[in-house]
Amino acid sequence: MSYIVRMPKLGVEMQTGVLLEWFFEEGEVVTDNDVLAEIESEKTVAEVASREDGVLRRTILGEGEEVEPGAPMGIVATADEDIDELLSMVESEGVNLDGESGAASKESGAEGLESADETTVDDSTAPSEHVRATPKAKQLAREYDCSLERLSGTGPKGAITANDVERAVSGNTASVTPPQSGASVETRESDLVTPRARKQAATLDIPLGSISGTGPHGSIRAGDVEAAAERDITTTSDASELPTTTESLTVREERPLTGMRSTIARRLSESWEAPHVTVDRWVDAEAMLDAADEAGDVVSVTDILLGAVSETLAAHPAFNATFDGETHTIYEEHNIGFAVDIDAGLVTPVLRDVEPMSVTEIAHQRGALTDRVLNQRYSSSDLQEGTFTISNLGVFSVDSFTPIINPPQVAILGVNRIKEEAKQTENGIEFRKQMGFSLSFDHRVIDGADAARFLQTLADTLEAASEIINS
1 MSYIVRMPKL
11 GVEMQTGVLL
21 EWFFEEGEVV
31 TDNDVLAEIE
41 SEKTVAEVAS
51 REDGVLRRTI
61 LGEGEEVEPG
71 APMGIVATAD
81 EDIDELLSMV
91 ESEGVNLDGE
101 SGAASKESGA
111 EGLESADETT
121 VDDSTAPSEH
131 VRATPKAKQL
141 AREYDCSLER
151 LSGTGPKGAI
161 TANDVERAVS
171 GNTASVTPPQ
181 SGASVETRES
191 DLVTPRARKQ
201 AATLDIPLGS
211 ISGTGPHGSI
221 RAGDVEAAAE
231 RDITTTSDAS
241 ELPTTTESLT
251 VREERPLTGM
261 RSTIARRLSE
271 SWEAPHVTVD
281 RWVDAEAMLD
291 AADEAGDVVS
301 VTDILLGAVS
311 ETLAAHPAFN
321 ATFDGETHTI
331 YEEHNIGFAV
341 DIDAGLVTPV
351 LRDVEPMSVT
361 EIAHQRGALT
371 DRVLNQRYSS
381 SDLQEGTFTI
391 SNLGVFSVDS
401 FTPIINPPQV
411 AILGVNRIKE
421 EAKQTENGIE
431 FRKQMGFSLS
441 FDHRVIDGAD
451 AARFLQTLAD
461 TLEAASEIIN
471 S
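Note that this note's numbering numbers the sequence shown so that position 107 is 107, with each residue one more than the last.
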C-alpha cells in the first residue's frame with residue numbers, strides 16, 4: 001500500500017520541522033519501521049520511520065528544508081505501484097513537484113530515480129535524457145556546473161548519486177567553471193568553487209583565497225561568500241568613526257549557528273515579537289530551605305519550587321495557558337517545563353500533570369527526566385505539551401533577568417540567586433535568606449496586576465513550604 005511520508009507533529013509547541021537527512025535514496029527498498037529520515041523541531045531531533053515494507057519512490061522534501069507539520073516529505077510504495085494519485089494529492093497541497101528546491105521533480109518510472117531535466121541544468125552542461133541521477137546528485141551537479149554525462153553512477157541501476165558528483169568535483173578541477181576574465185578575484189587553480197560562488201565573490205570583490213569552504217572536500221559555496229561578506233561588513237562598519245590602524249584582527253574562532261542552536265535562535269526571535277513584560281520580586285526562602293533540609297537528600301529546592309508553582313497555577317489558571325494570537329487557551333493539567341543546560345543549548349523537558357503529585361513523586365520524576373536529558377537519551381515526547389516554564393539562573397548568582405517566553409505559552413518564571421538580607425522581625429533585626437524571582441508574561445492576555453498577584457501567591461506558598469512537603 002502506498003502512502004505519503006509527512007512531517008510529524010512533535011507536540012503542541014511545534015510550528016516547523018527541518019529535514020536533516022534522508023537515510024535512503026529514491027529507489028531503495030525499505031522495510032517496516034526502517035528509519036527513513038531524521039528531522040529537527042524547535043528543540044529536539046527525531047526520526048521518521050517507515051510504516052510498512054516498500055520502496056522510497058519519491059523524496060519531495062530536500063535536506064535542510066523547513067516546513068510545517070503535516071507537509072509531505074516523500075512517498076513510499078511498492079516498486080510497481082502507480083503513485084500518480086499521491087503525486088496529484090501532493091500538488092493539490094501547493095507543492096511544486098517541478099521546481100528546483102528540495103528533492104521535488106518529475107516522476108520517472110517505478111525505481112523513483114530521475115532523468116536529468118534540461119529545464120533545470122545550464123545548456124552548457126545539460127545531460128541527455130538517458131542519464132539517471134538522484135535529485136541530490138542533480139542539485140550538486142547544477143551547483144558545481146558539473147556535467148552528469150561524464151560521470152559513472154554507483155547507485156541503483158547505475159544511477160548517479162550525490163557521492164559520485166562530489167568525487168568528480170574533488171578529483172577533477174576541469175568540472176569547475178574557471179573565473180571569468182576581468183574578474184577581480186584572486187584564486188588558485190586547485191580551488192573548488194561553485195559558479196554562483198565565483199560570481200558573488202566577483203560582485204562583492206571578495207578574494208576567494210580568504211574564504212573557508214564548507215562544501216564537499218572544502219569547496220566554496222555561495223553561502224560561504226555571503227558569510228565572508230557579512231563578516232567584512234560587520235568589522236568595517238562605521239570605520240570612519242574608528243581609529244585608523246594597519247593591524248588586522250585575528251579570528252580566534254567562528255561559530256555558525258547550526259542544528260539546535262540555530263533553531264533556538266529562530267524560536268526566541270519569534271517569541272520576542274510578543275509584548276513581554278517582566279516583574280521581579282524577592283521572597284523569604286527560609287521556610288523552603290528548612291523544608292528541603294528536613295526532607296533529606298531525595299527532595300531538592302527545585303522540587304519544592306515545582307510543587308509551589310503548581311499550587312500557584314491552580315490559584316491563577318490564566319498563566320497555565322497558551323496563546324495563538326487569537327485564543328487564550330487555559331489547561332487543566334500543570335505540565336511544567338524546566339530548562340536544562342546542555343552543550344547544544346537549553347532544553348526544556350516537561351514534567352507532566354504536577355498538581356496531584358507529592359513532592360517526593362516530583363523529585364523522582366524530575367530526577368529521571370533530567371538524567372535522560374543530560375545523557376542525551378530523551379525523546380520528543382519529553383519536550384511536548386508544556387503549559388508553563390521555569391528557568392533557573394540562580395545557580396550562576398544572577399540577581400534578576402528577563403526570561404523569554406517559550407511560545408505558545410504565555411508566561412515563564414525566572415529563578416534568581418539566594419541572598420541574605422537584614423529584615424525587621426518581631427525579634428528585632430535578623431539576617432534572612434531571600435530568593436529572587438523574575439516573571440515574564442505576554443501582556444496581550446495577562447496584566448501587570450495579575451502578575452503581581454501571581455508572585456504574591458507564590459511567596460505565600462513558599463513561606464509555608466512545610467505544607468508542601470507534608471501534602
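Ideal Cβ placement from N, Cα and C applies to all residues, glycine included.
Whether residue i touches residue j by CB criterion (8 Å)
i           : j           : result
residue 304 : residue 359 : yes
residue 86  : residue 73  : no
residue 134 : residue 25  : yes
residue 407 : residue 438 : no
residue 55  : residue 35  : no
residue 341 : residue 436 : no
residue 464 : residue 287 : yes
residue 168 : residue 132 : no
residue 386 : residue 337 : yes
residue 351 : residue 306 : yes
residue 284 : residue 434 : yes
residue 479 : residue 200 : Within the shown structure, residues of the chain are numbered from 1 to 471, placing residue 479 beyond reach of any answer.
residue 416 : residue 399 : yes
residue 89  : residue 52  : no
residue 505 : residue 143 : Residue numbering for the chain in the displayed model covers 1 to 471; residue 505 lies beyond these limits and cannot be assessed.
residue 97  : residue 46  : no
The ligand NAP heavy atom lying under 7 Å from the CB of residue i
i           : result
residue 158 : Absent from the structure shown: the ligand NAP. Ligands present: none.
Among the options, the one whose alpha carbon lies nearest that of residue i
i           : options               : result
residue 478 : 375, 202 and 411      : The structure shown has nothing for residue 478, since the chain only spans 1 to 471.
residue 64  : 430, 432 and 18       : 18
residue 316 : 325, 324 and 332      : 332
residue 440 : 388, 220, 383 and 225 : 388
residue 298 : 323, 282 and 366      : 366
residue 309 : 461, 328, 23 and 229  : 461
residue 468 : 391, 445 and 301      : 301
residue 312 : 390, 444 and 339      : 390
residue 395 : 339, 371 and 447      : 339
Pairwise C-alpha distance: residue j and residue i
i           : j           : result
residue 249 : residue 256 : 18 Å
residue 379 : residue 5   : 20 Å
residue 276 : residue 93  : 36 Å
residue 334 : residue 67  : 30 Å
residue 59  : residue 382 : 29 Å
residue 91  : residue 81  : 19 Å
residue 368 : residue 362 : 10 Å
residue 41  : residue 20  : 10 Å
residue 490 : residue 274 : Residue 490 lies beyond the range of the chain shown here (1 to 471); nothing can be said about it.
residue 204 : residue 219 : 19 Å
residue 328 : residue 321 : 7 Å
residue 253 : residue 3   : 46 Å
residue 451 : residue 7   : 37 Å
residue 150 : residue 31  : 34 Å
residue 208 : residue 251 : 17 Å
residue 22  : residue 405 : 33 Å
Local Cβ density within 10 Å of residue i, reported as buried at 16 or more and exposed below that
i           : result
residue 423 : exposed
residue 375 : exposed
residue 213 : buried
residue 211 : buried
residue 454 : buried
residue 221 : buried
residue 470 : exposed
residue 28  : buried
residue 356 : exposed
residue 397 : exposed
residue 137 : buried
residue 153 : buried
residue 231 : exposed
residue 50  : buried
residue 347 : buried
residue 354 : buried
Query - Every unbroken beta strand (DSSP E) within the stretch 66-94, with a cutoff of 3 residues, ordered by chain - result: The DSSP assignment places 72-77 as complete runs of the beta strand (DSSP E) inside the stretch 66-94, in order along the chain (cut-off: 3 residues).
Query raised in the report: Of all the alpha helix (DSSP H) runs that stay within the bounds of the stretch 141-172, which reach a length of 4 or more residues?
Result: Uninterrupted alpha helix (DSSP H) stretches at least 4 residues long and entirely within the stretch 141-172 occur at 162-171, given in chain order.
Query - Contiguous beta strand (DSSP E) assignments of at least 3 residues, all confined to the stretch 386-422 - result: Here the runs fully enclosed are 388-392.
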